[in-house]
């Protein structure tokens, strides 16, 4: 019987036939990515895979090459639900099928409470309405392709440091209006098949064992009928999580829900068989949805595949270009006209770097990648230009030494190095067996092995990596960096260069389990192939204050990076000299997956190293300087007023360079709008001073005033406002009309009509943003303005106009009443302001709600 036949199963009958042990097994995963099967009853296992900006597949180590989409902050900046739905259906759902996965672990729709959050790039916006509407479009797109989504992280997981333990202290009103709202909107408009609980506590209880969240709100109020799973290793109890409503513990390693522990809990009457079967039911129902949605996945061979088509590549490039935000364009420096240029200087540490995504669960191995430099050069060639392009890194901006993925070769000339895996004499022995159990080519130098060690390996094992470094053109001093979750040594030409084996300093990489990067230098000879050997063991070394030599059984990893030692002054001067000689300078700067990643938070909003100095000196040398910034969240730009053109590109995935070039040279007219505020200084961020964990508590003291609401409330001008984004054309809004408000059957309806005109010279797209202010008749505080709807007008021709209709419902006029524990709508006069960003609101009106009312649910 094919696994997809479970689509026709009678769940009640299957549940009746389950033994207690089988029911227990269904409530926890198997391995890292699968649910449990029950072969006796025809229940297949289903596979899940990480999102949110692509589908990685089973392996962090030597994963299947995949399509990497723009970061979620970039997707949010499209303000385009139609496009996000298309991406969900045509890219994400199809990629999941290629990875043999029935469920994707996405979207993330936590709030951008503070741009320092390590996973900020994974969430759509600082605004709950924009977050929820984009999340709903994402979910609808993916699930229309028969693949399930797992919306996450439920809830208030807005930082990384201490994430398994900190307690998010949030007022009930802020919880409802800000942090739960994106999930609520996604549930109302899209019904995700699954929810994932957050690691942290919420007001005293871990989210995975919080019945207020999982039962009272999600199931009872919102009527969610799907499955609730934990984040990976985000379960901290047996009976508490089961009784609170957590259906599935993930993964199946080091789990709480073993047959022994759960049966003992049943015997102690801490949990009942009935509760176990309630949890198992939801797992069975999800499996059945998967069997109905994409039966070919369950009936397939389980192999992961890579397929790039012209259509998918074009869509990747389109969504990347649509995400880009033109922040500044003084004197209409952009778009550049390639045939008119004779010499272009491309400078900056990100110009040639491999920057496509933030780090952690979102990271994947791209099937192709176009760097900004490559995209710029290609665009000018396609334009028929014979322009000279010069390049300088200008400044180093890496947190760890650059990857050597494209610098390592085998003795036979293949890109990569040879990994040989060695068992030890026993599980507890540190003595390896010299004869390897397996050898394979590895084309990565950041090797997160996770659970991908060979079968039959001992609990303690060794991996040796041998290769040759790509020859240098000149003699040089080369600096290596070695980071390890375990222990390792680096040998060059047989000489020990780095010892990260004997004693370590604990670091943050590899989900907080690694050492800090240890560095060492070695002189390289021009044209010479130097032999490289890294010897790695999955047992970490002692460290000061932590003598524990624990075995890394689920998260071992090693990373070798390196680069030529350069004088920072000379690097900077080289870039300045090239700038002086060029017609125009394109400076590509920003962050990367080392700075923004799962597992730890950023410590500053400033760009790394001497990046700011580089930009300032380059623009002083050549006023025709365009700065392209790359980051998943806000950064500081102390030079912003001096630079005529600034393009924020986020992390754009595979098509990074092509999309950036499309905007720079006018092939695509930018229409992206910031999904979060860029502050002038870190002290202006709403949660400044209370973002960190203090004795395990994170106090959400800014309450309702998150993002732009704080800046407006305090009358603080940001560097670039929420919703800001320029175009190569101009638009005007006019003819605002509001229908008569209708209050009936516990709902509210009002239609807003206006006209959008393209008053410029080129075709372009614009986003109409609708903000509502609440009545001032009560003693309640409200943010001055709140985004309550938006509409994107696409490809409007010069001189033409389009009428836009926007509908407001009860969500636009409601607040959470802590006094009465309900959603409430006040009688009174509401304000409406409409414009093209939160600080450019050219139209205003008001309407009156004649009678107040309360409501619950969705």
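In the working numbering, the protein residues as written are 51 to 908. Glycine included, C-beta positions come from ideal geometry on N, C-alpha and C.
Can you tell me whether residue 96 is helix, strand or coil according to DSSP? coil
Segments of 3+ residues assigned as beta strand (DSSP E) that fall wholly inside the segment 266–352: 277–279
When we look at the beta-carbon of residue 67 and count the other beta-carbons within 10 Å, is it buried (16 or more) or exposed? exposed
So, does the segment 179–197 touch the segment 231–247, judging by three or more C-beta pairs under 8 angstroms? yes
Alpha-carbon to alpha-carbon, residue 348 and residue 340: 8 angstroms
With residue 73 and residue 134 assumed to form a contact (beta carbons below 8 angstroms), what rounded beta-carbon distance in angstroms separates them? Not really, about 38 angstroms apart at Cβ, beyond 8 angstroms.
Would residue 78 pass as a contact of residue 86 if the rule is Cβ separation under 8 angstroms? yes
Kindly list the residues whose CB is nearer than 7 angstroms to the CB of residue 146, restricted to its own chain and excluding five residues on each side of it in sequence; keep chain order. 99, 105, 154, 197
Helix, strand or coil for residue 246, going by three-state DSSP, please let me know. strand
Would you list the one or two residues that DSSP bridges to residue 496? 609
Between which two residues does the alpha helix (DSSP H) containing residue 186 stretch? 178–193
Report the option in 833, 294, 680, 697 whose CA atom is closest to the CA atom of residue 404. 680
Residues in its own chain within less than 6 angstroms of residue 656 by CB, not counting five upstream and five downstream? 686
Residues of its chain near residue 630, where Cβ-Cβ distance is below 8 angstroms and the 5 sequence neighbours each way are ignored: 671, 672
Compute the Euclidean distance between the alpha carbons of residue 490 and residue 462, then round it to the nearest angstrom. 14 angstroms
Does DSSP classify residue 374 as helix, strand or coil? coil
What I want to know is whether the C-beta of residue 872 ends up closer than 7 angstroms to one or more non-hydrogen atoms of the ligand FMN. Judged by which ligands are present, the structure shown has none, so any question about the ligand FMN falls away.
Report all residues from its chain with a CB closer than 8 angstroms to the CB of residue 325; omit the five preceding and five following residues, and keep chain order. 292, 293
Please state the DSSP three-state secondary structure of residue 124. helix
Burial state of residue 767, where buried means 16 or more other Cβ atoms lie within 10 Å: exposed
Same chain, Cβ closer than 8 angstroms to residue 600, neighbours up to 5 away in sequence not counted: 589, 590
Quick check: the Cα distance between residue 827 and residue 712, rounded to an integer number of angstroms? 50 angstroms
Please go through the same chain and pick out, in chain order, the residues whose beta-carbon is closer than 7 angstroms to the beta-carbon of residue 457, but skip the five residues on each side of it. 519, 520
As an exercise, report each continuous alpha helix (DSSP H) stretch of at least 4 residues that is fully enclosed by the segment 385–444, in chain order. 422–432
Quick one: what's residue 512 bridged to in DSSP? 472, 587
Report buried or exposed for residue 592, applying the criterion of at least 16 other Cβ atoms within 10 angstroms of its Cβ. exposed
For the beta strand (DSSP E) containing residue 530, list its first residue and its last residue. 526–535
Does the contact criterion of 3 or more C-beta pairs under 8 angstroms hold for the segment 771–778 versus the segment 717–724? yes
Just mark residue 847 as buried or exposed, buried being the case when its beta carbon has 16 or more other beta carbons within 10 Å. exposed
Buried versus exposed, by CB contacts within 10 Å (16 or more), residue 51: exposed
Could you please give me the residues that DSSP links to residue 541 through a beta bridge? 546, 583
Pairwise C-alpha distance: residue 130 and residue 54: 35 angstroms
For residue 577, which residues of its own chain have a beta-carbon under 7 angstroms away from its beta-carbon, when the five flanking residues on both sides are left out? 521
Touch check for the segment 739–755 and the segment 159–178: three-plus C-beta pairs under 8 angstroms? yes
Let me make sure I understand the geometry here. Which of 613, 587, 556 has the alpha-carbon closest to that of residue 595? 556
Strictly under 8 angstroms for the Cβ-Cβ distance: is residue 663 near chain D by that measure? Absence of chain D from the displayed structure is noted, only one protein chain being present.
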